[in-house]
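Here is the structure we will look at.
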């Protein structure tokens, strides 16, 4: 099928978007995808840094070159952009800046009544997450959307899994196991500062939990509807960077169900994202209910490596293919970017991971903050 013709910059039907944060994900994914999408007009880029480094993308461009490539102005401050005439004709914002800046940028965008698409995690503080959820509710009342990019939640398999559980096919959820395994070297590279260096701002820690466990937890909360109540967690930290590289958490939920969540930076070599390695992240999700179970595991770089399978008394269904975090650079972007959702799941993820870090430090059970 031929791609639709690119609409003119003056076309009022195009969504006009500003991008905050010109780092790895923005340059490798968001910007080229926005440029290809005929339904979108990029109006500006916001980033306080003139250049940045990325482990995933060795061809990072300074913002001056980005301005020329995408034919848009670059602002160093979001507030400055919001004061400009461009803001008056902007519909939404993509926030792909560092984790600890999400809250400030999100609240400014909400105040300006912009649609918001925010990279995960929503933030690294339960206090900030609740502020953003309140902002999301206010935006919703205005017909605006606020969503966080947990792309695994918008695959056909995730949507079907959620539908099956809501229909009660496996009964009441009683236990969940979820883990993700990826390469160790990503978290042991001192140059990879935003992912491995000591926590900044309001973040309780930094490493595998904030960077990767947020994907699996978001999928579990989205599919099951479980609400976390308390967490006990142990962590092993890199001797090179101090980042958590192995995490093991037991999460108690309000209905009495339990979740065991493990993050394991144990694979050798590089990852399929940004390297020549064919190995992606190895993911395993198993949900056990009073009547049966749901199984979904595989390598997220290989769709043929797994399937969604549901087994219960009188019911069996298999949905081929394993699709999780969508890191495809082609096309117009992940399903999540084209199907905005709600921010409540993101709040549960932030509350859980913050409690994981606090439990690991205290050595005791940590209650989820009200």
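Numbering (the UniProt record's numbering), first residue to last: 1 to 370. All residues carry an ideal CB built from backbone N, CA and C; glycine is no exception. Keep in mind it's a predicted model, so treat the numbers as computed, not measured.
- With a minimum length of 4 residues, the unbroken runs of alpha helix (DSSP H) contained wholly in the stretch 39 to 83 fall at 63 to 70 and 78 to 83.
- Here the stretch 287 to 306 makes no contact with the stretch 239 to 254; the two share fewer than three CB pairs at distances below 8 Å.
- Inclusion of residue 218 and residue 297 in the CB contact set at 9 Å is not warranted, their separation being larger than that value.
- Three or more beta-carbon pairs drawn from the stretch 138 to 156 and the stretch 115 to 130 are found closer than 8 Å, and the two stretches are therefore classed as touching.
- In the structure shown, residue 352 falls within a helical segment according to DSSP collapsed to helix, strand and coil.
- Residue environment analysis places residue 214 among the buried positions, since at least 16 neighbouring C-beta atoms fall within 10 angstroms of its C-beta.
- Under the three-state reduction of DSSP, residue 365 is assigned to coil, being neither helix nor strand.
- Take residue 158, set aside five residues on each side of it, and the residues of its chain with a beta-carbon closer than 7 Å to its own are 152, 219, 222 and 223, in chain order.
- Residue 63 is positioned such that its CB atom lies closer than 9 Å to that of residue 74.
- For residue 129, the secondary structure class from DSSP, reduced to helix, strand or coil, is helix.
- Excluding five sequence positions before and after residue 283, the CB atoms of its chain that fall closer than 7 Å to its own CB belong to 180, 216, 297, 298, 300 and 324, given in chain order.
- For residue 227, no pairing in a beta bridge is given by DSSP.
- Residue ranges of uninterrupted alpha helix (DSSP H) with 4 or more members, entirely inside the UniProt domain "GFO/IDH/MocA-like oxidoreductase" (159 to 293) and ordered along the chain, are 193 to 196 and 214 to 224.
- By the criterion of at least three beta-carbon pairs nearer than 8 Å, the stretch 12 to 25 is in contact with the stretch 92 to 112.
- Per DSSP, the beta-bridge partners of residue 316 are 311.
- Residue environment for residue 350: buried (at least 16 other C-beta atoms within 10 angstroms of its C-beta).
- In this structure, DSSP gives residue 36 a helical state, which the three-state scheme calls helix.
- Residue 209 sits close to residue 357, with the two beta carbons spaced by under 9 Å.
- Contact annotation: the stretch 77 to 85 does not touch the stretch 51 to 60, with fewer than three C-beta pairs closer than 8 Å.
- DSSP, reduced to helix, strand and coil, places residue 106 within a helical segment of the structure shown.
- Cα atoms of residue 255 and residue 162: separation of roughly 17 Å, rounded to the nearest angstrom.
- The Cβ atoms of residue 281 and residue 169 lie no closer than 9 Å to each other.
- Residue 311 and residue 53 have their C-alpha atoms roughly 46 Å apart.
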